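For the sequence shown, position 41 (counting from the first letter as 1) is numbered 41 according to this note's numbering, and the numbering increases by one without interruption.
Step one of this worksheet: look at the structure below.
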Amino acid sequence: MYTNNTTKQFYVKVLALAASTFLAGGTYARAQSLQDALRQTTISGTAGATDFSYANNGHTGNFANGFAVGGNVTVHTGALDGFSLGVAGFTGQSLGLYNNNPSHDDTELTGITHSLQSIREAYLQYENSWLEVRGGRQFINTPYANQDWYTFSPRSFMGFSGVINVIGSNGTSASSAPFSLSTSSAKLSVFAARIFGYNSRYSSTFTTGNRYISNSNGFIVGGVRYQNAFGGVKYGLQGWYYDFYGLAQLIYGQADFSTPISPDNTVFGAIQGMGEGNSGTRSSNFVGFSTTSNVNAHIYGAKLGMSFGDDNVALIADYSPISYSSFRHGGGIHPYNDNSGTTFTDTMQTGIMDFGPGYAVGVTGNIFLLHNKLEISPTYVEYNVDYGYGGNTFTYGGFYGFNSSLTPIHNEAIHVIDANFDYSLSNVLKGLSVDWDTDAAFAESGNLPGQHYNNPFFSSRAYLKYAF
Numbered sequence: 001m002y003t004n005n006t007t008k009q010f011y012v013k014v015l016a017l018a019a020s021t022f023l024a025g026g027t028y029a030r031a032q033s034l035q036d037a038l039r040q041t042t043i044s045g046t047a048g049a050t051d052f053s054y055a056n057n058g059h060t061g062n063f064a065n066g067f068a069v070g071g072n073v074t075v076h077t078g079a080l081d082g083f084s085l086g087v088a089g090f091t092g093q094s095l096g097l098y099n100n101n102p103s104h105d106d107t108e109l110t111g112i113t114h115s116l117q118s119i120r121e122a123y124l125q126y127e128n129s130w131l132e133v134r135g136g137r138q139f140i141n142t143p144y145a146n147q148d149w150y151t152f153s154p155r156s157f158m159g160f161s162g163v164i165n166v167i168g169s170n171g172t173s174a175s176s177a178p179f180s181l182s183t184s185s186a187k188l189s190v191f192a193a194r195i196f197g198y199n200s201r202y203s204s205t206f207t208t209g210n211r212y213i214s215n216s217n218g219f220i221v222g223g224v225r226y227q228n229a230f231g232g233v234k235y236g237l238q239g240w241y242y243d244f245y246g247l248a249q250l251i252y253g254q255a256d257f258s259t260p261i262s263p264d265n266t267v268f269g270a271i272q273g274m275g276e277g278n279s280g281t282r283s284s285n286f287v288g289f290s291t292t293s294n295v296n297a298h299i300y301g302a303k304l305g306m307s308f309g310d311d312n313v314a315l316i317a318d319y320s321p322i323s324y325s326s327f328r329h330g331g332g333i334h335p336y337n338d339n340s341g342t343t344f345t346d347t348m349q350t351g352i353m354d355f356g357p358g359y360a361v362g363v364t365g366n367i368f369l370l371h372n373k374l375e376i377s378p379t380y381v382e383y384n385v386d387y388g389y390g391g392n393t394f395t396y397g398g399f400y401g402f403n404s405s406l407t408p409i410h411n412e413a414i415h416v417i418d419a420n421f422d423y424s425l426s427n428v429l430k431g432l433s434v435d436w437d438t439d440a441a442f443a444e445s446g447n448l449p450g451q452h453y454n455n456p457f458f459s460s461r462a463y464l465k466y467a468f
């Protein structure tokens with residue numbers, strides 16, 4: 001299931017198809033001269049301010065807050081014979097608003113130096129109607145390696161990536177958007193990438209490490225997506241394979257469908273499955289290496305909902321079975337994303353992949369008010385986990401990668417509610433908006449002194465953004 005031979009054969013086929021497509025060219029619209037390419041250069045970006053607060057930070061009873069200003073500028077040239085260049089600079093700067101507060105902490109926004117500047121994109125790109133290839137610093141958007149854009153500086157990757165539109169095409173102009181299959185209009189498309197390093201949301205520099213180890217050989221990822229319609233039902237199928245070198249191999253699959261039942265109502269749903277196992281020789285500084293080198297995680301989920309015009313609501317559920325004597329007895333690892341939004345029951349801070357094994361059930365939706373200027377996206381999830389820590393899943397080093405200082409609570413119930421509020425101020429200035437993300441978590445067990453299991457966790461991130 002996790003052999004490398006199958007992976008190598010897959011990438012040989014992908015590269016062969018990419019080469020033949022490249023040589024065949026296509027109907028891609030190209031600039032006739034260097035001057036045309038320069039005139040077609042696009043400049044975009046964002047600017048704004050962010051305020052965040054944590055209550056019971058890390059479930060220790062502490063409080064933390066921060067404030068910063070920042071933004072980014074992205075420049076992408078027009079295409080000359082299909083080739084274009086892109087570069088993007090990002091910055092976040094603390095203004096010292098909370099300097100007199102002992103719990104002041106801007107590292108969430110601007111890194112440990114309280115001032116973060118980085119060139120997160122610098123790439124050469126080739127693109128035609130069937131093929132997009134990019135090399136250098138770049139953004140990609142895949143289920144388990146993506147931007148996680150919650151601060152001024154989204155996660156960036158160093159390497160090579162490509163998208164092949166096997167059936168259908170996906171536009172005819174050079175684009176600086178992250179490579180992704182989720183936004184492709186092609187009927188059948190393939191994604192492949194070899195990544196050597198990344199730039200985290202809290203750093204100005206690229207590194208070969210990740211959230212679990214200080215040095216690695218990066219990862220490879222391949223994905224396939226097919227979308228079509230049958231008898232009035234739109235459906236999409238996608239499958240992904242990752243090899244996080246020295247850590248784990250992961251496969252992920254998802255099937256989506258939607259069908260209208262009236263002019264204003266649509267029924268939609270999806271199922272998902274994830275399996276994760278070992279990847280060759282375990283890195284000696286893996287967080288759980290002292291007690292186990294085995295990763296064996298599985299997640300199965302479902303979603304069913306209905307839209308009412310622009311609004312929608314859905315029931316969501318995920319289940320992760322126990323796998324004794326493995327990392328967290330069935331927990332998963334995600335070296336290159338924050339586990340936010342991939343699993344149906346992920347909430348703002350975490351999800352069943354971190355909490356697991358166990359199960360989660362909940363409800364989520366989107367509501368539009370004030371002539372669609374205000375979008376509210378609430379989610380409620382109840383987790384029941386076999387090895388709970390009051391919601392604190394980010395401390396490792398103990399047996400099987402569990403928290404080294406706390407005793408796990410069996411069958412612990414954790415209630416989480418989070419919401420996003422996005423209000424458009426385009427009537428004041430085009431591209432201006434206010435955004436607020438907030439969540440609260442409460443664990444039902446653990447009254448031991450100093451563990452703070454019963455102290456609700458709360459976080460808040462408020463943004464004033466101008467996009468140009």
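All C-beta atoms in this analysis are idealised placements derived from N, C-alpha and C, irrespective of residue type, glycine included.
What you are looking at is a predicted structure, and each value in this text was computed from that prediction instead of being measured.
Three-state class that DSSP yields for residue i in the structure shown
{"i": "residue 353", "result": "helix"}
{"i": "residue 401", "result": "helix"}
{"i": "residue 444", "result": "coil"}
{"i": "residue 310", "result": "coil"}
{"i": "residue 181", "result": "coil"}
{"i": "residue 148", "result": "coil"}
{"i": "residue 40", "result": "coil"}
{"i": "residue 347", "result": "coil"}
{"i": "residue 201", "result": "coil"}
{"i": "residue 107", "result": "helix"}
{"i": "residue 457", "result": "strand"}
{"i": "residue 468", "result": "coil"}
{"i": "residue 76", "result": "strand"}
{"i": "residue 155", "result": "coil"}
{"i": "residue 139", "result": "coil"}
{"i": "residue 329", "result": "helix"}
{"i": "residue 425", "result": "coil"}
{"i": "residue 34", "result": "helix"}
{"i": "residue 265", "result": "strand"}
{"i": "residue 295", "result": "coil"}
{"i": "residue 369", "result": "strand"}
{"i": "residue 187", "result": "coil"}
Residue i versus residue j: straight-line alpha-carbon distance, rounded
{"i": "residue 406", "j": "residue 389", "result": "7 angstroms"}
{"i": "residue 431", "j": "residue 73", "result": "14 angstroms"}
{"i": "residue 166", "j": "residue 340", "result": "29 angstroms"}
{"i": "residue 290", "j": "residue 396", "result": "Because the pLDDT of residue 290 is 47, which lies under 50, any placement of that residue in the model is unreliable, and the number read from its coordinates should be weighed accordingly. Whole-angstrom Cα-Cα distance: 11 angstroms."}
{"i": "residue 464", "j": "residue 439", "result": "19 angstroms"}
{"i": "residue 79", "j": "residue 37", "result": "6 angstroms"}
{"i": "residue 9", "j": "residue 192", "result": "Residue placement at residue 9 is poorly supported in this model, since its pLDDT is 44, which falls under 50; the coordinates still yield a value, given next. If I take the Cα positions, the gap works out to 13 angstroms."}
{"i": "residue 51", "j": "residue 110", "result": "12 angstroms"}
{"i": "residue 130", "j": "residue 235", "result": "22 angstroms"}
{"i": "residue 115", "j": "residue 93", "result": "5 angstroms"}
{"i": "residue 150", "j": "residue 189", "result": "28 angstroms"}
{"i": "residue 433", "j": "residue 246", "result": "42 angstroms"}
{"i": "residue 179", "j": "residue 273", "result": "23 angstroms"}
{"i": "residue 444", "j": "residue 379", "result": "19 angstroms"}
{"i": "residue 139", "j": "residue 425", "result": "28 angstroms"}
{"i": "residue 258", "j": "residue 211", "result": "36 angstroms"}
{"i": "residue 201", "j": "residue 148", "result": "8 angstroms"}
{"i": "residue 46", "j": "residue 162", "result": "26 angstroms"}
{"i": "residue 270", "j": "residue 95", "result": "44 angstroms"}
{"i": "residue 260", "j": "residue 266", "result": "4 angstroms"}
{"i": "residue 487", "j": "residue 249", "result": "Outside the shown range of the chain (1 to 468) lies residue 487, about which nothing can therefore be said."}
{"i": "residue 456", "j": "residue 417", "result": "11 angstroms"}
{"i": "residue 468", "j": "residue 187", "result": "31 angstroms"}
{"i": "residue 65", "j": "residue 55", "result": "9 angstroms"}
{"i": "residue 462", "j": "residue 437", "result": "6 angstroms"}
Pair within 8 angstroms by beta-carbon distance, residue i and residue j
{"i": "residue 84", "j": "residue 121", "result": "no"}
{"i": "residue 459", "j": "residue 53", "result": "yes"}
{"i": "residue 243", "j": "residue 219", "result": "yes"}
{"i": "residue 118", "j": "residue 90", "result": "yes"}
{"i": "residue 146", "j": "residue 337", "result": "yes"}
{"i": "residue 107", "j": "residue 76", "result": "no"}
{"i": "residue 356", "j": "residue 320", "result": "yes"}
{"i": "residue 275", "j": "residue 345", "result": "no"}
{"i": "residue 419", "j": "residue 382", "result": "no"}
{"i": "residue 195", "j": "residue 157", "result": "yes"}
{"i": "residue 372", "j": "residue 435", "result": "no"}
{"i": "residue 333", "j": "residue 318", "result": "no"}
{"i": "residue 252", "j": "residue 123", "result": "no"}
{"i": "residue 297", "j": "residue 331", "result": "yes"}
**Q.** At least 3 beta-carbon pairs within less than 8 angstroms: the segment 345-361 vs the segment 223-243
**A.** Judged by Cβ distances under 8 angstroms, the segment 345-361 makes no contact with the segment 223-243, as fewer than three pairs qualify.
Q: Write down every uninterrupted run of the beta strand (DSSP E) in the segment 211-258 whose length is 3 residues or greater and which is fully enclosed by it, in chain order.
A: You should have 219-230 and 233-244.
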